[in-house]
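Beneath this line is the structure, given in structure tokens, with notes to follow.
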């Protein structure tokens, strides 16, 4: 067993899968890049807040969803406290989509995929689409008139292309399972991947200015001391 | 500013930022955002709560509008209802499946949720009613009759049911030759008004536990009462449908583009509207994901100029 840190890793240890994974992870995202304490000077706009607001809303969604899940799908219909947490769940979803849409528009106007950041855009866009599915199954799981109607309408779109044969929106059990576990896991996994990509590639710099000063040559003083990460 | 140096006017998209850095407390930003979002949801909850309109049941439907219930039930019996003629995944009705041009995706997926409406919605629930010799005789007569005679009885009943009156809990129709269909429908109405049909359709496969409401929900959706209730809550497809919520709540506003296509031609009147819109949205979603790789679209933001508003401090610094 190595006692002296990564530099003293023996050839045998280097062959270990665990060592390989750790070294790859640290090389790809060293701690100062994973959680930086400085950002490039252009990261100074309210638009950057909407990415972190989306994550915050997702935390509230998951927390309120877990409380609703603890008591089961009937609870919120028959108790005031259940209704309260259902309302928290509903409004956090509305705020989640509001923040996410503003974030996406902001990233579009910045062309945030520049400089090898295409995967960051792709994971964000797929997260948005999967989140729509997660919300849709949530509306189907409400067990009220709204969910009845959405199911009766939604089935036609899905049946028309054959998806309804496998994803039956009028089957409450199937929709509830999709809503409380399958789709949330995908949304969280995508969001984690998205954030790690942002950390790895940093925040996209501005387009070139119209009139330019000569670009300064990089100096040690100007280089980040804690790596170049980015606000998601 | 935590480091000296002026921001470059023409930064390299790929290279590390050569300009100045500023302190940025990501953890603090997240904690503040979480507190603000949590606070906002609590405020919105206190102000607006959440909607919870009670579901429509077959019992409430049959009590509120027995004529509509009987009309729907008899079309389920004679196989002319919306569900009986739907096609896949419920049955194999010829020519009813939607297509995308020549491609019949709906048909290709097959019948995976088979429903025989006459059996599921009328005959099987009626067979569960115990100790009713008159009903047993009527059911036996109906099942023994040739299909043409069954059709004659159900058609006569369907035409007359618009004038039905419920007297003492019994449906009374103008005189006509309805055969055993009249007593069968009277028993079905009684079963529905007692709440027994709701349970029978969910527990039809005799499992104790059940979470699949396909049969009762499809039955409800074939009736006019369910749709009238939705219209009153501005939920119809022509009223931008699914993106709305009951009452005055925002609902799934992010579905606006999907719902939009149903409001315009050529989709509005197309018999294949659902399939065409689904595929169109699939293509648009794929394009949305692939923006970074689509020539013209990936460089569009530069020409729009909104980035100059977002990075106005940066441009002010380098252009002054």
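Chains as they are written, first to last, in the working numbering: chain A, 1 to 232; chain B, 1 to 320.
Note that CB positions come from ideal geometry on N, CA and C, so glycine has one too.
- Here residue 249 of chain B has 51 as same chain residues with Cβ atoms under 6 Å from its own Cβ, once five neighbours each way along the sequence are excluded.
- Residue contact with chain A for residue 153 of chain B: absent (no Cβ-Cβ distance below 8 Å to any residue of chain A).
- Counted as a single uninterrupted DSSP element, the beta strand (DSSP E) harbouring residue 170 of chain B occupies residues 170 to 172.
- Excluding sequence positions up to five before and after residue 180 of chain A, its CB lies within less than 8 Å of the CB of 65, 69, 141, all in the same chain and listed in chain order.
- Closer than 8 Å to the CB of residue 234 of chain B there is not a single CB belonging to chain A.
- In the three-state DSSP reduction, residue 22 of chain A falls in the helix class (H, G or I).
- Using a CB distance cut-off of 8 Å, residue 80 of chain B does not count as an interface residue toward chain A.
- Looking at the DSSP output, residue 40 of chain A bridges to B:21.
- Nearest to residue 289 of chain B by C-alpha distance, out of A:138, A:104, A:193, is A:104.
- Rounded to whole angstroms, the separation of the alpha carbons of residue 285 of chain B and residue 272 of chain B is 20 Å.
- Checking the DSSP bridge columns, you'll see residue 127 of chain B has no partner listed.
- Contact annotation: the stretch 18 to 36 of chain B does not touch the stretch 206 to 226 of chain B, with fewer than three C-beta pairs closer than 8 Å.
- Residue 187 of chain A: member of the alpha helix (DSSP H) spanning 183 to 201, first to last residue.
- Under the Cβ criterion (8 Å, minimum of three pairs), the stretch 119 to 127 of chain A does not count as touching the stretch 153 to 162 of chain A.
- Boundaries around residue 148 of chain B are those of the alpha helix (DSSP H), 147 to 160, since no beta strand (DSSP E) includes it.
- Below the 7 Å Cβ cutoff, chain A contributes 160, 161 as neighbours of residue 275 of chain B, in chain order.
- If you draw a 10 Å sphere on the C-beta of residue 146 of chain A, you find 16 or more other C-beta atoms in it, and that means buried.
- Looking at the backbone, the Cα of residue 258 of chain B and that of residue 277 of chain B are separated by about 7 Å.
- Here residue 184 of chain B is buried, its C-beta having at least 16 other C-beta atoms within 10 Å.
- Contacts with chain B at 8 Å (Cβ-Cβ) do not include residue 193 of chain A.
- Look at residue 28 of chain B here: in three-state DSSP terms it is helix.
- The C-beta of residue 141 of chain A comes no closer than 8 Å to any C-beta of chain B.
- Secondary structure within the stretch 83 to 125 of chain A: not one fully enclosed alpha helix (DSSP H) run of 4 or more consecutive residues is present.
- When 7 Å is used as the limit between beta carbons, residue 34 of chain B is near these residues of chain A: 56, 59, in chain order.
- Relative to residue 90 of chain B, the option among B:72, B:112, B:102 whose CA is nearest is B:112.
- Contact with chain A is found for residue 241 of chain B, since one of that chain's Cβ atoms lies less than 8 Å from the residue's Cβ.
- With respect to the 8 Å criterion, residue 41 of chain A and residue 264 of chain B are not classified as neighbours on the basis of their beta carbons.
- Taking the beta carbon of residue 84 of chain A as reference, the chain B residues within 7 Å of it are 45, listed in sequence order.
- At a cut-off of 8 Å between beta-carbon atoms, residue 53 of chain B makes contact with chain A.
- Within the stretch 195 to 239 of chain B, no complete beta strand (DSSP E) segment of 3 residues or longer occurs.
- One Cα belongs to residue 19 of chain B, the other to residue 300 of chain B, and the distance between them is close to 26 Å.
- Of the candidates B:199, B:216, B:215, the residue whose Cα lies closest to the Cα of residue 208 of chain B is B:199.
- Only those residues of the stretch 101 to 128 of chain B whose C-beta falls short of 7 Å from the nearest C-beta of chain A are listed: 105, 106, 108, 109, 110, 112, 113.
- Setting aside the 5 residues that flank it on each side, residue 186 of chain B is surrounded in the same chain by 170, 171, each with a C-beta closer than 8 Å to its C-beta; the list follows chain order.
- For residue 197 of chain B against residue 58 of chain B, the beta-carbon gap comes to about 5 Å, under 8 Å, which counts as contact.
- Distance from the CA atom of residue 106 of chain A to the CA atom of residue 158 of chain B, rounded to whole angstroms, is 58 Å.
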